[in-house]
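Visitor: Residue numbers (our numbering): 60 to 425.
1. Rounded to a whole number of angstroms, what is the C-alpha to C-alpha distance between residue 308 and residue 88?
2. Do you know whose CA, among 357, 394, 91, 67, lies nearest residue 388's CA?
3. Which residue or residues does DSSP assign as beta-bridge partners of residue 156?
4. Quick one, are the C-beta atoms of residue 255 and residue 314 less than 8 Å apart?
5. So, helix, strand or coil for residue 85, using DSSP?
6. Under 8 Å: do the segment 402-416 and the segment 102-115 share three or more Cβ pairs, one atom per stretch?
7. Between 67, 215, 157, 146, which lies nearest to residue 128 when the distance is taken from Cα to Cα?
8. Return the residue from the list 391, 251, 280, 246 that minimises the CA-CA distance to residue 292.
9. Kindly indicate the opening and closing residues of the beta strand (DSSP E) around residue 276.
10. Do you know offhand how far residue 205's Cα is from residue 269's?
11. Would residue 339 and residue 358 qualify as a contact pair, given that the criterion is a beta-carbon distance under 8 Å?
12. Is residue 69 helix, strand or coil when you go by DSSP?
13. Less than 8 Å between the beta carbons of residue 257 and residue 294, yes or no?
14. Which ranges does the beta strand (DSSP E) cover as unbroken runs of at least 3 residues, wholly within the segment 328-362, from first to last along the chain?
15. To which residues does DSSP link residue 419 through a beta bridge?
16. Going along the chain, which unbroken runs of the alpha helix (DSSP H) with 4 or more residues stay wholly within the segment 158-244?
17. Need the endpoints of the beta strand (DSSP E) that residue 94 sits in, please.
18. Which value, in whole angstroms, describes the spacing of the CA atoms of residue 290 and residue 221?
19. Does residue 61 pass the burial test, meaning 16 or more other C-beta atoms within 10 Å, or should it be called exposed?
Written as structure tokens, this is what we have:
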């Protein structure tokens with residue numbers, strides 16, 4: 060189809076209120092896509108969201124949303140543990156689906172979802188679309204051009220003090236009193252699925268599929284407090300995974316909800332030098348530095364244009380628009396479910412490795 064794609068947004072919590080909804084109601088999307096429905100099971104939140112953002116339809120029940128909403132595509136901004144069931148239901152009634160990270164919790168779920176989408180002839184886009192970012196494309200290009208010789212190891216990670224510290228979450232308003240408890244529960248909680256997933260998509264996007272994983276993981280803060288409620292932490296809140304890429308070397312990813320904010324800089328080490336992201340530049344160090352001078356590569360995907368560049372969650376918006384463009388032009392997503400499945404296997408097997416103390420071989424690819 061070449062016309063306007065009607066989109067329904069499911070999950071009107073923090074990421075949606077701060078970023079996705081402001082993006083999707085901008086006038087510059089006219090003729091390309093249109094937000095026609097929202098859905099959230101928190102009492103009154105979908106209706107309040109629709110009123111605030113001028114969305115025609117609002118639903119508190121997901122089954123009613125799928126049956127009655129005037130949509131061709133769905134974007135899921137719900138807790139990770141709900142993604143599989145909700146995506147399968149949407150695919151089952153012929154909707155194209157964008158899933159926020161992580162796509163699913165297990166590889167088995169990912170397999171079933173990919174199979175179902177193929178059978179229905181609908182498209183899946185699974186965030187995060189890290190390799191849509193020009194700066195990461197530039198890193199990969201320099202690695203492939205031999206800037207650091209043979210790659211030995213890479214490191215990337217993220218940490219965050221906890222969702223209870225987010226300024227957005229405030230009592231007294233149905234749109235901002237969004238409970239973050241699920242981030243600390245199973246299934247679907249923990250910083251690896253929430254934040255480390257970015258680093259895993261980055262490293263596998265640059266180095267290709269991993270072959271095996273080992274790891275350590277645990278709970279550092281057993282209790283959290285949000286709006287006067289004590290939350291018992293059940294999902295590991297600090298995890299470190301090491302991946303074996305065979306002849307392409309090793310890579311380490313860390314993720315934690317137990318420390319100050321840290322979007323760890325990506326660095327690759329090789330036989331002839333390093334590549335790192337520093338202050339918006341792709342910097343090659345070592346004996347080939349003169350041949351590969353620092354370059355300022357764009358952080359946001361090219362799909363993020365104009366006023367969208369100033370709105371939070373622009374990278375997620377880019378993934379949604381990537382789905383829209385694939386639907387309109389009948390293209391195959393670069394931000395693929397197969398890549399997401401491989402990252403999910405790394406995380407799933409990584410937790411097994413951490414609990415058993417053994418190396419876990421990986422079987423998926425993309």
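No residue lacks a Cβ here, since even glycine has one placed at the ideal position from N, Cα and C. These numbers come from a predicted model, not from an experiment.
Guide: Let me spell this out:
1. 43 Å
2. 91
3. 133, 183
4. yes
5. coil
6. no
7. 67
8. 280
9. 271-277
10. 20 Å
11. yes
12. strand
13. no
14. 332-337, 340-345
15. 272
16. 166-179, 193-203
17. 92-98
18. 12 Å
19. exposed
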